[in-house]
Amino acid sequence: MKYKVAFVCVHNSCRSQMAEGWAKALGKDVLEAYSAGTENYPEVKPLAVEVMEEAGVSMEGYRPKLLTDIPQELDILITMGCNVVCPFVPNRHSEDWGLNDPSGGPIEGFRETRDMIKEKVENLINRIENGELKL
């Protein structure tokens with residue numbers, strides 16, 4: 002069974018996009034992954050795309066999406082650490098990953114964020130597969 006998971010932040014231009022990329026690459030057997038934001042943004046941050054491609058995850062065709070562009074009922078809602086009131090979509094399990102936004106900083110910050118997100122996505126997949134999340 003696949004669980005619908007959405008990674009959500011304000012602009013859907015960096016952290017949530019990386020999380021969607023990792024979830025699609027690592028969790029394709031258990032996750033149906035989406036990402037979205039609460040505000041329009043013109044593009045996915047080029048450095049986010051670059052560091053994901055360094056790690057072997059293509060983000061070709063990825064674009065910022067709004068909450069209205071994803072399923073309105075989810076199994077899992079992950080907020081990325083919004084620094085504002087995080088958005089809500091009906092779900093069966095939610096958590097906030099509290100990640101700092103590397104936008105505006107050097108590429109090393111994007112790499113650190115990418116690696117933290119990968120670890121968190123792997124942990125989420127493991128918790129699902131081990132039955133630790135009650136979905």
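Residues in the sequence shown are numbered from 2 upward in steps of one, following the numbering used here. Built from N, CA and C at the ideal position, the CB exists for glycine as well. Treat the numbers as computed from the prediction; the structure is a model and nothing was measured.
Item                                                                                                 : Value
Residue 49 in three-state terms, based on DSSP                                                       : helix
Residue 118 versus residue 99 - alpha carbon distance                                                : 11 Å
Same chain, Cβ closer than 8 Å to residue 21, neighbours up to 5 away in sequence not counted        : 8, 34, 35, 36, 63
Distance CB(residue 65)-CB(residue 38) smaller than 7 Å                                              : yes
When 131, 16, 73, 43 are compared against residue 103, the one with the closest alpha-carbon         : 16
Three-state class that DSSP yields for residue 9 in the structure shown                              : strand
Residue from 61, 77, 14 with nearest C-alpha to residue 128                                          : 77
Cβ separation of residue 24 and residue 6, assumed to be a contact under 8 Å, to the nearest whole Å : 6 Å
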